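J.: Pasting a structure here, questions to come.
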Amino acid sequence: MHTEPEIRRAIKPIIEKYGQLNTTELKAILSEYIEYDEEDLQESDTRNGETLIEQRIRNIVSHARSEDYVYPEGFKVNKTVKPTLFTAITGLSANLKEISISEITKRRKSVKKNDKKRKIYKKIDWTLENERRTELGTKGEIFVYEREKQTVAEFDETAINRVIHLSAKQGDGFGYDIESVNKTGETIFIEVKTTTGAVETPFYMSVNEKSFFEENISNNAYIYRVYNFNPETSHGQIKIISAKELLENYNFDPISFIVTPK
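What follows is the structure, given as structure tokens:
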């Protein structure tokens, strides 16, 4: 079962990706990004033809404390229009605002263009030589997640809930692990790569991850290369690599293929 807070955290990156979605659109695409369990798909006792997961999405709207409410996870719910609109935000504290209409249009066009060449794989089970999919990788992600919360708290404690660890719930679908926020209130996207070795140790990237960085070469997308990581103390060093630096200064060697019947 996905609780209402879990759903809010799950839909935040979806809204960030599209810029803006109405309730109908959000319900239609949510299953592409998270795995529903049996209870999620049970029919609601209070509304015929509606599943429990759909009811909880509707509850996010009804539980908004005003007609134009910003949730702590970092999106605005506008109940003054029907269907209700979910919109990405920018800024910090008192100067929070919706992203512009031109930015929404830009993001929607990008989704339409790029999703044709990217496939979302939820809860991938095949084994790759990828440290991120091991216990070491998980510990590295948690290390960065906790560090980001501390960093954000230093300039805006109210924005801590906008630091979201996606990969724990949503697999590789988005192409990054963590959403955070910078000092100007812009969302940043973090892919964590962890090693116990030196910073020069090669790391692996999935097709979705590489595609995301190609699509966001000019935006706030970063590799957080965690190195000299001690799994016992869950502590290491971090090198931050921008999307531009990654694509211009690093080599990509194809070593694996996913083979499916035609």
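According to the working numbering, the sequence shown is numbered sequentially starting from 15. Note that the Cβ used here is the ideal one computed from N, Cα and C, for glycine as well. Note that the structure is a prediction, hence the values are computed from the model and not measured.
Can you give me the start and stop residues for the alpha helix (DSSP H) that Glu-229 sits inside?
T.: Here the alpha helix (DSSP H) through Glu-229 covers 221-229.
J.: Could you check whether the region 116-129 touches the region 201-219, counting it as contact only if at least three pairs of C-beta atoms, one from each stretch, sit closer than 8 Å?
T.: Contact between the region 116-129 and the region 201-219 is absent, because fewer than three Cβ pairs lie under 8 Å.
J.: Using the DSSP secondary-structure output, state which residues sit across from Ile-192 in a beta bridge.
T.: Its beta-bridge partners are His-179, Ile-204.
J.: Work out the CA separation of Ser-116 and Phe-157 for me, nearest whole Å.
T.: Spanning the two alpha carbons is a distance of roughly 36 Å.
J.: Tell me where the alpha helix (DSSP H) around Ile-174 begins and ends.
T.: First-last for Ile-174: undefined, no H or E at that position.
J.: Give me the residue from Ser-76, Ser-107, Asp-54 with the minimum Cα distance to Leu-66.
T.: That would be Asp-54, whose Cα lies nearest to the Cα of Leu-66.
J.: Decide if the region 162-176 is in contact with the region 81-95; the criterion is three or more beta carbon pairs, one per stretch, under 8 Å apart.
T.: With the cut-off at 8 Å, the region 162-176 and the region 81-95 touch.
J.: Does Ile-272 come out as helix, strand or coil in the three-state DSSP assignment?
T.: Ile-272: coil per DSSP, three-state reduction.
J.: With DSSP as the reference, identify every bridge partner of Arg-239, one or two as the case may be.
T.: Beta-bridge pairing links Arg-239 to Lys-207, Lys-253.
J.: Which runs of the alpha helix (DSSP H) fall wholly inside the region 16-66 and span at least 4 residues, in chain order?
T.: The region 16-66 contains these whole alpha helix (DSSP H) runs: 18-32, 37-43.
J.: Please report the distance separating the alpha-carbon of Pro-97 from that of Ile-48.
T.: About 22 Å.
J.: The alpha helix (DSSP H) with Lys-90 in it runs from where to where?
T.: That residue, Lys-90, is in no alpha helix (DSSP H); its beta strand (DSSP E) goes 89-92.
J.: Taking the alpha-carbon of Lys-224 as reference, which of Leu-261, Phe-203, Lys-207 has the nearest alpha-carbon?
T.: Ranking the options by Cα distance to Lys-224, first place goes to Leu-261.
J.: Roughly how many whole angstroms lie between the Cα atoms of Ile-138 and Gln-34?
T.: Summary for Ile-138: the model assigns pLDDT 47, below 50, so the residue's position carries little reliability, and this model does not support an answer.
J.: If you run the structure through DSSP and keep just helix, strand and coil, what is Glu-112?
T.: Glu-112 falls in the strand class under three-state DSSP.
J.: For the putative contact between Tyr-241 and Thr-209, defined by C-beta atoms under 8 Å, what is the C-beta separation to the nearest angstrom?
T.: Yes, Tyr-241 and Thr-209 are in contact; Cβ-Cβ is about 5 Å, under 8 Å.
J.: If you measure between the beta carbons of Leu-180 and Phe-169, is that distance less than 8 Å?
T.: It is not a contact, given that the beta carbons lie outside the stated cut-off.
J.: Can you name, in chain order, every residue of its own chain whose Cβ lies under 8 Å from the Cβ of Lys-163, other than the five neighbours on each side?
T.: Correct list, in chain order: Ile-174, Val-177.
J.: What's the call for Ala-42, buried or exposed, on a 16-neighbour Cβ count within 10 Å?
T.: Under this definition Ala-42 is an exposed residue.
J.: Tell me Tyr-85's beta-bridge partners as DSSP assigns them.
T.: Paired residue(s): Phe-89.
J.: Buried or exposed: Asp-59, going by 16 or more other Cβ atoms within 10 Å of its Cβ?
T.: It counts as exposed.
J.: Quick one: Cα of Lys-111 to Cα of Val-195, how far?
T.: Going from the Cα of Lys-111 to the Cα of Val-195 covers about 14 Å.
J.: Please list the terminal residues of the continuous beta strand (DSSP E) segment that includes Leu-99.
T.: Note, Leu-99: beta strand (DSSP E), 99-104.
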